[in-house]
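Visitor: Take any residue in the sequence shown, count from 1 to its spot, add 1: that is its number in my numbering. For each residue, glycine too, the CB sits at the ideal point set by N, CA and C.
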Amino acid sequence: MQALSHGGDRYGLDILAVDPHRVGSHARRPMSSTIPVELNMVIEDVHTGFVGAVLSVEKSGGRWVMVLEDRHGTRRGFPLGPGYWVEGKPVILDPPVGKPRVDTGPKSAGGRTLTASGSYRVEGQKARTARASRIWVEGRHDAELVEKVWGDDLRVEGVVVLMLDGADNLEAVMRDFEPCPTRRAGVLLDHLVPGSKESRIAERVMGMKGGENVKILGHPYIDVWQAIKPERLGLNAWPTIPRGTDIKHGTLEYLGWPHEDQTDIARGWQRILSTVASYKDLEPALLGRMEELIDFVTEPGTE
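1) Quick check: L1 and E145, are their CB atoms within less than 8 Å of each other?
2) So is A203 buried or exposed if we call it buried at 16+ other beta carbons inside 10 Å?
3) Ends of the beta strand (DSSP E) at Y85?
4) Whose C-alpha, out of G89, V298 and A54, is nearest the C-alpha of C181?
5) Run through DSSP, which three-state label would E284 get?
6) State yes or no: is the C-beta of I229 within less than 8 Å of the C-beta of L283?
7) Assign R185 to one of three DSSP states: helix, strand, or coil.
8) Which of the three DSSP states is assigned to F297 in this structure?
9) Excluding the five sequence neighbours on either side, which residues of its own chain have a C-beta within less than 6 Å of the C-beta of E158, listed in chain order?
10) Under the three-state reduction of DSSP, which class applies to S200: helix, strand or coil?
11) Specify the secondary structure class of P231 as computed by DSSP and reduced to three states.
12) Between H48 and G82, is the Cβ-Cβ spacing less than 8 Å?
13) Per DSSP, V162 is paired with what?
14) Please return the same chain residues whose Cβ sits closer than 7 Å to the Cβ of Y222, not counting the five positions on each side in sequence.
15) Is the shortest distance between the beta-carbon of W65 and the beta-carbons of chain D less than 8 Å?
16) In whole angstroms, what is the alpha-carbon distance linking T75 and T276?
17) Could you pull the start and end residues of the alpha helix (DSSP H) that I248 belongs to?
18) I need the straight-line Cα distance from E261 to D296, nearest angstrom please.
19) Note down the Cα distance separating G111 from W137, rounded to an integer number of angstroms.
20) What distance in whole Å lies between the Cβ atoms of M291 and V147, which are believed to be in contact at a cut-off of 8 Å?
21) By the three-class DSSP mapping on this structure, what secondary structure does A267 have?
22) Between which two residues does the alpha helix (DSSP H) harbouring D177 extend?
23) Are the region 172 to 179 and the region 200 to 215 touching by the rule of at least three beta carbon pairs closer than 8 Å?
24) Alpha carbon to alpha carbon, how far is D143 from A54? Give it in angstroms, no decimals.
25) Beta-carbon within less than 7 Å of E70's beta-carbon, same chain only, minus the 5 sequence neighbours each way: which residues are those?
26) If you draw a straight line from the alpha carbon of L165 to that of E304, how long is it in whole angstroms?
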């Protein structure tokens, strides 16, 4: 018996192999495909109908988010994942594909590659198992700046950097951590100057059980943004923000950048962070403190 031709039959021979309502040119409810998000990609949010081009993509609060701008200039933030259309097709948006790392770092006089912190890069060495000792910084922007400049060194040493989400949490965090001679804690605080709230918190922590195994250092700036040399943004000095005005909002307003909401702050910080290539772009008041904390938690005898 001769096989029947199915050239014009969209179901094919096996009608159970493929759901024609979900797959193919005749699909009425097509399946979503997974694609990496890209800048300038035009995306429609199914739930709100908002259509816009991708302005930025970043990881915030443990998840990836993107900012879309529509043809009227309205901007809105959305999480990556399902629920979007691109070019008339449903998609699941993944984080952008990372570019292969190209070794463009600085060189020593002898030609050896340096890390962003100025240390010799250890080629081919895997990150060591994480130490029990830890370093804490106040927030996400501090952590991102530390990662950009000292990240390679910290991975070689096995030092994990954690966020306090504010100096007010330091006492509770140290009680839970229970520092001891072999498990030390290094802490970097913003605005650690005599008489400040941060200095009083530091004094209380140092007086706690195990406080001698905690080193709390800081820089004099109200926010870690100001630890970046202002010349990198074309400024002679960081602006003085009036009392009662959030320093991040005030700084972005001074720079003439969008500053209305948290999305604007996130995008503004990424623009500022992008001006940092190495330790040479940071103020000495931060550099020395961070190096001292790394030395403290990696001294012989610590875990």
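Guide: In terms of the structure at hand:
1) Nothing about residue 1 can be read from this structure; the chain reaches only from 2 to 304.
2) Buried, since its Cβ has 16 or more Cβ neighbours within 10 Å.
3) Y85 to V87
4) V298
5) coil
6) yes
7) coil
8) helix
9) T299
10) helix
11) helix
12) no
13) In DSSP, V162 forms a bridge with I136.
14) Exclusion of the five residues before and after Y222 leaves D191, H192 and A228 as the residues of its chain whose Cβ lies within less than 7 Å of its Cβ.
15) Checking the listed chains, one finds no chain D in this structure; it contains a single protein chain.
16) Going by the C-alpha atoms only, they are around 27 Å apart.
17) I248 to L256
18) 40 Å
19) With a pLDDT of only 48 at G111, under the threshold of 50, the placement of this residue in the model should not be trusted; the figure read from the coordinates follows. Distance between the alpha carbons of G111 and W137: 35 Å.
20) Between V147 and M291, the beta carbon gap of about 7 Å places them in contact (Cβ cut-off 8 Å).
21) helix
22) L171 to F178
23) yes
24) The alpha-carbon atoms of A54 and D143 are separated by roughly 29 Å.
25) Excluding residues up to 5 positions away in sequence, G53, A54, L56 and R76 lie with their Cβ nearer than 7 Å to the Cβ of E70 in the same chain.
26) Their backbone Cα atoms lie some 21 Å apart in a straight line.
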